[in-house]
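Right, one structure below, let's go through it.
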Amino acid sequence: MGRNKKQNPFAARKRQKRENGPERPDRRALPYEEIKRDNAFFIKYYHLQKICASEEEWSQFLESIRDNLPTTFRVTGFKDEAKALLSIIETQLFTEYVRAVAELHQKAPEDVERPLCLPWYPNGLAYQLHLTRKDIRRSEPLYRLHNFLIVETTAGGISRQEAVSMIPPIVLDVRPTDKVLDMCAAPGSKTAQLIEALHAAPEEHKIPPGFVLANDVDNNRCYMLVHQAKRLNSPCLLVTNHDSSVFPNLLTTKPDGSKAILKFDKILCDVPCSGDGTLRKNPDIWLKWNLAQAYNLHGIQYRIVRRGAEMLEVGGRLVYSTCSLNPIENEAVLQRIIKDADGALELVDAGHLVPGLKYKPGMTDWKLATKEVDQIFSNFDEVPESLHTIIRPGMFPLPADEMAKIGLDKCLRVLPHLQDSGGFFVAVLEKRRQLSFEKNDVVELVQLNEKAKQPAGEPQLDEEGKPVEEKSVPWGPQRKKRRLHGYKEDPYVFFGENDPDYEAIKEFYQLDESLSQRCLLTRCITEKKKNIYYCSDPIRDLVLNNENNIKIINTGVKTFVRCENRHTVHPFRLAQEGLQTSNAFMGANRRIQVEREDLVMMLNCTDPTQPPSTHELKKETQERCKELGVGSCILKYVDERFTLYTVGWRGTSSLRAYVHKDETVHILRLLGADLSKFETNKYENARVAAAAAADAEAGKSGEAEADSSGEGAATESTSSVSGAVDVPEAAKTTSTPMDTEEVTTRS
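Adding 14 to a residue's 1-based position in the sequence shown gives its number in the working numbering.
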């Protein structure tokens, strides 16, 4: 008897629709329609707010915000080779840029506008191209520029980031000694800037004493954040997943061994917002913009900045920023937190940190309206009772005398037409004293942490004896499903005092005593470690003190990898990701200085089974190789402009570079080598593939015609000798295997 299956309601509905009539055409098959960049409510609302000083400026604003956004990128400044890469960009890349743009727009090269160096970005490391993302991605003359941006971004040489998005980390003014919290960090471009600022003085600190704690409420976006930040390979980064509006107090260990609540020197609150400042980049916002978004977000934004203010050290700095132009999400939030702080928080002017940036001061007067902007409200008394749950008293501007004390004019309002950018809002707060609503009970926090360390009890079971899963909420940290005996993330297992693997690593690489072995960790409890990571001392302290009361997503940089080889005496090789950190602690025995030609040859060898023989190297390098035993090593190249370090492998009779493909291209570019081997023209590849497909199709048609004429001839021949001669079966099918083999070989 058939099993009584439960019907799928979605499938049944689909069948019913199919029976009722013809399906609607697939939208993906229809030609793409350009989004109409207009929204009557948006225009009416911002015209009402008078965000521009005159009607002429308002027209400029509308024209600019309807235009596409230019592409911007910045060079990773703390790296030794940054100046050399910047020089290559300003000469070779921009020469190619001018040629390609001239070809694209059918202009003379002298008429092409050169890329703009952003005057307010430190050390001239950021550039704006007069091209959109779409231009670069879809234009064949620009394929080399597109390749450059992709490769250098992956290698960590540059970061593609919207210009106005670079402002908050600059005005946060991070130093290598600062304890930094990024409360809403994903996707991570600003976090990367914070890490760069932390590593800005490598000659002074082998490893920065400060750290960056990057948090986001969305579990999936946390992994985007890890991917973005990992390019910089910092041991001073910790990524967590928590609702930032209720971010827990964290414990830290003081020099005397006692516990204290961690307070941060710098905090970035780049809060969730309606995003109407990004209309040039995300034109679909034109279709769905309405005031309800700002009203809904105001409370969340306030709770996040309030929690940030509580965790800020006295004398510390907090930057509040949004990519929205709406005063409800900007000035209204700030006036509310400053009023509640009762003098503990103060707005400060940070314009001097971004010289050359064009911006307007913060607004001191604004109005609220209904969703359709058909009713305007100047104060809460005018708001109908039906809207009291949506529009709150704190959203309206304070009286003029109170407003004057707050100093909202010190905020930075960046509008798109001022310098051909997106829209942004930035405000800098400093903490003068503790807040009255701050909770700093260390004893209670220690007790909670101890309780959290206790093993979880048996899970609650339902009527069928299955464990009841914990309910998740969209605004909280997204956790994995609970298993029968409770779910535990992969642990962070730090090295003990007498770890045998560490002793072997220390001896083989002659590690400096200043490298703390207790900061080495693995992600699983096993006798045979696979990947070994390194984090700074403050990060280790944070993990050990707080791993039970906050979800830690990632920390540490890969430093050693198990790589057992029958020819080597040591089972661990160096990891290129961690070389930026480990290099400072390595002895001289596993180092070899190579010449430019040798390094170029090794990097061009992409076949791991055929590494360059030591006999192909220069005499000087060959002599150095004789002193180096089999195993992992550091290849050092010294140039008048920079010094490069890469991981290598010394074989019994070979020497090869152990570098990822994109970093290989990055290094070859710095060395001025030929990159044509790595350049891919996707348009040319597509044409070749299309031609091959057309040839294959033509071949099939020819074979089909030949088969049909052959069949006719065979039939005629057979009928003519019917009953006289039997045609052998093998003879009829002889051609088939040959054709198949030929096609297979060709393909």
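Yeah, the Cβ is synthetic: ideal placement off N, Cα and C, and Gly gets one too. All of these numbers come straight from a predicted model, not from anything done at the bench.
Just to confirm my understanding: we take residue i, look at its own chain, exclude 5 residues before and 5 after, and list those with CB closer than 6 Å. What are they?
i: Ile342; result: Ala308, His312, Met409
i: Glu117; result: Pro155
i: Ser288; result: Gln307, Ala308, Ser338
i: Asn454; result: Ile275
i: Thr146; result: Asn82
i: Thr758; result: Summary for Thr758: the model assigns pLDDT 34, below 50, so the residue's position carries little reliability, and this model does not support an answer.
i: Asn247; result: Val571, Glu591, Gln594
i: Ser588; result: Sequence check: residue 588 is Leu here, not Ser. For Leu588, where only same-chain residues beyond five positions count, the Cβ hits under 6 Å are Ser646, Val661.
Taking the beta strand (DSSP E) that residue i belongs to, which residues open and close that run?
i: Ile351; result: From DSSP, Ile351 is part of no beta strand (DSSP E) but of the alpha helix (DSSP H) over 345-355.
i: Asn545; result: 545-548
i: Arg32; result: Per DSSP, Arg32 belongs to no beta strand (DSSP E); it is in the alpha helix (DSSP H), 23-34.
i: Tyr651; result: 645-652
i: Arg51; result: Per DSSP, Arg51 belongs to no beta strand (DSSP E) and is neither H nor E.
i: Thr85; result: 85-89
Under 7 Å Cβ to Cβ from residue i, same chain only, skipping five residues before and after it: list those, please.
i: Lys543; result: Asp515, Thr536, Arg576
i: Lys273; result: Leu265, Thr267, Val456, Val460
i: Glu609; result: Lys632, Glu634, Thr635
i: Val188; result: Val194, Leu208, Ala211, Leu212, Lys280
i: His160; result: Ile150, Arg151
i: Lys374; result: Arg427, Leu429
i: Glu730; result: Residue placement at Glu730 cannot be trusted, given a pLDDT of 45 that sits under 50; what the coordinates show is reported in the next sentence. None.
i: Ala355; result: Ala323, Leu449
i: Glu33; result: none
i: Ala738; result: Note that Ala738 scores a pLDDT of 37, beneath 50, so its modelled location is shaky; the value from the coordinates is reported in the next line. No residues qualify anywhere along the chain.
i: Cys533; result: Tyr548, Cys549, Ser550, Asp551, Arg554
i: Ser761; result: Low local confidence applies: a pLDDT of 32 at Ser761 is under 50, so the model's placement there is unreliable, and no value is given.
Alpha carbons only, please: which of the options is nearest the one belonging to residue i?
i: Glu48; options: Asn296, Gln594, Ser400, His680; result: Asn296
i: Leu100; options: Leu348, Lys220, Thr660, Ser173; result: Ser173
i: Pro216; options: Ala703, Asn597, Cys639, Thr666; result: Asn597
i: Val328; options: Leu443, Asp290, Gln242; result: Leu443
i: Val253; options: Asn568, Arg113, Met197; result: Asn568
i: His674; options: Asn618, Phe451, Gly91; result: Asn618
i: Arg604; options: Glu611, Glu541, Glu654, Leu669; result: Leu669
i: Glu611; options: Tyr334, Phe225, Gly686, Tyr659; result: Gly686
i: Gln315; options: Asp298, Glu711, Val347, Phe509; result: Val347
i: Ile420; options: Lys31, Lys353, His119, Ser392; result: Lys353
Going by DSSP, what residues sit across from residue i in a beta bridge?
i: Lys280; result: Val194, Arg331
i: Ser627; result: Ser668
i: Cys131; result: Tyr141
i: Val442; result: Val333, Val362
i: Tyr506; result: For Tyr506, which the question treats as bridged, DSSP gives no partner whatsoever.
i: Trp663; result: Ser646, Arg670
i: Asn229; result: Thr254
i: Val387; result: Paired residue(s): none; Val387 is not in a bridge.
i: Thr536; result: Val507
i: Pro375; result: Leu426
i: Leu588; result: Phe574
Could you pull out every residue in the same chain whose Cβ sits closer than 8 Å to the Cβ of residue i, ignoring the five residues on either side in sequence?
i: His581; result: Val644, Gly665, Thr666
i: Thr754; result: In this prediction, Thr754 has a pLDDT of 34, which is less than 50 and means its spatial position is unreliable; nothing more can be read from the coordinates.
i: Gln492; result: Note that Gln492 scores 49 on pLDDT, short of 50, meaning its location in the model is unreliable and no value can be drawn from it.
i: Trp300; result: Ile49, Lys50, Arg51, Asp52, Asn53, Phe56, Leu293
i: Ala369; result: Note that residue 369 corresponds to Pro in the displayed sequence, not to Ala. Pro133, Trp134, listed in sequence order.
i: Ala140; result: Thr86, Phe87, Arg88, Val89, Cys131, Leu132, Ala177, Met180
For the alpha helix (DSSP H) containing residue i, name the first residue and the last one.
i: Glu77; result: 69-79
i: Gln607; result: Note, Gln607: premise wrong, no alpha helix (DSSP H); beta strand (DSSP E) at 605-607.
i: Ser173; result: From DSSP, Ser173 is part of no alpha helix (DSSP H) but of the beta strand (DSSP E) over 172-174.
i: Phe108; result: 108-119
i: Thr678; result: 675-684
i: Thr168; result: 157-169
i: Ile566; result: Here Ile566 belongs to no alpha helix (DSSP H); instead the beta strand (DSSP E) covers 565-569.
i: Lys520; result: 514-523
i: Ala274; result: Ala274 -> not in any alpha helix (DSSP H); beta strand (DSSP E) instead, spanning 273-275.
Checking contacts by CB at 9 Å: is residue i closer than that to chain D?
i: Ser203; result: Protein chain content of the structure displayed is limited to a single chain, and chain D is not contained in it.
Is the region 188-201 in contact with the region 553-564, if contact means three or more CB pairs nearer than 8 Å?
-> no
Segment contact flag, the region 79-99 with the region 142-161, C-beta cutoff 8 Å, min 3 pairs
yes
The region 179-199 / the region 275-282 touching (three or more Cβ pairs under 8 Å): yes
- the region 115-135 touching the region 203-218, judged by at least three CB pairs closer than 8 Å: no
Is there contact between the region 229-248 and the region 363-379, where contact requires at least three CB pairs shorter than 8 Å?
no
Does the structure place the region 90-107 close enough to the region 59-79 that three or more beta carbon pairs sit under 8 Å?
no
Kindly confirm or deny that the region 649-666 and the region 612-628 touch, where touching means at least three C-beta pairs closer than 8 Å. yes
**Asked** Taking three-plus beta-carbon pairs below 8 Å as touching, is the region 411-423 in contact with the region 374-387?
**Response** yes
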